[in-house]
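Encoded as structure tokens, the structure appears first; notes follow it.
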Ligand code: PLP
Ligand code: COI
């Protein structure tokens, strides 16, 4: 049976999987809600999206996504407050970034109304899937990929935009140890590092597997030219605290302009924490770890939220970070999650009620 919600057609699933899900023990991105948003680009335009039952999709083997990797995505979260309001965090920033990625990958840009109305309708239909437990949320994955056929290495003429959602717990299971990379690169000047392109992640998997074998969870990427500057981690932007100053690298062609990162910079400033956005050398971080002035390192991202880094490896040496009682990471994490979940005032206008 189909209904219309916010001008979007909704075709409901015959059966809900929700009773099979243990909402008290959620992993990250492992189980998927009953519905998804689906929207097709053909004949030179995006067609009105529909909410449909979550299900596998069928593609032609020559679809260009398989051969030339035209694929981009976003990561967002929905929360519920005490009064069951559905809340998002800076969703228009994700929409804008999706189109920045689209442009770079020669994918046609998506109209804002299809993204926002489609997302809001999907969240209303699957509202029961939004966890209320602290530390859990409904992870939202909007993505676009090339469905158009043909082996010619050129942009496809057809695409699909999907939003699927997954009730999720923490991204990292325990303490995070990172390896500062000295050989491989994630991105390069003039490349696609600033885009959320699927291939950026595929390219990280092999070096990250090598790091995991050595006991680290993530790689911290350094600049491709000299490997002397800290850039970002595989799934999050990086902050370091030297003495009482919080430092993060500037965004560039090579680094994702993280929404959590820019929110943390603003929040830290309002907390009176000195913040520097500047290039960070690996040698200053190693030096600070050696002389005890490196107080904290943490990653910031939608999935990662704020993930404190317990230690890092560099050139066969391991460095542990101190275990402080009051960290910038914990106070900033509380501030951002309280805003996201409507436990605190939002002077920035970041919270978005669906
Ligand atoms: N850097 C990379 C490579 C990411 O995949 C992410 C996650 O989205 C981030 C940084 C953090 O970005 P945001 O805070 O917008 O989620
Ligand atoms: C996110 O934080 O939303 C991301 O997209 C990172 C991803 C690798 C899980």
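Residue numbers (the working numbering): 55 to 408.
Glycine is no exception: its CB is placed at the ideal position from the N, C-alpha and C atoms.
A Cβ-Cβ separation of about 5 Å places residue 82 in contact with residue 222 under the 8 Å criterion. Collapsing the DSSP output to three states places residue 394 in a helix. The shortest C-alpha to C-alpha distance from residue 375 to any of 394, 381, 350 is the one to 350. According to DSSP, residue pairing for residue 222 in a beta bridge involves 191.
Annotation for residue 313 indicates a beta carbon within 7 Å of some heavy atom of the ligand PLP. The residue from 299, 212, 393 with its alpha-carbon nearest to that of residue 113 is 212.
DSSP, reduced to helix, strand and coil, places residue 278 outside both helices and strands of the structure shown, so it counts as coil. Residue burial is scored here from C-beta neighbours: residue 332 has fewer than 16 other C-beta atoms within 10 angstroms and is therefore classed as exposed. Listed as beta-bridge partners of residue 96 by DSSP are 99. If the five residues before and after residue 160 are omitted, its C-beta is found closer than 6 Å to the C-beta atoms of 209, all from its own chain and listed in chain order. When the Cα atoms are used, residue 59 and residue 246 turn out to be separated by approximately 36 Å.
Every residue whose Cβ sits closer than 5 Å to any heavy atom of the ligand COI is listed here in chain order: 129, 289, 355, 356, 357.
By the neighbour-count definition (other C-beta atoms within 10 Å, threshold 16), residue 344 is an exposed residue. Secondary structure at residue 295: strand, using DSSP grouped into helix, strand and coil. Following the DSSP letters along the chain, one finds residue 364 inside the beta strand (DSSP E) bounded by residues 359-368.
Listed in chain order, the non-local C-beta contacts of residue 288 below 7 Å within the same chain comprise 258, 262, 272, 273, local neighbours out to five positions each way being set aside.
Uninterrupted alpha helix (DSSP H) stretches at least 4 residues long and entirely within the segment 293-344 occur at 313-324, given in chain order. With a cut-off of 8 Å on Cβ pairs, the segment 127-134 is in contact with the segment 191-198, counting three or more such pairs.
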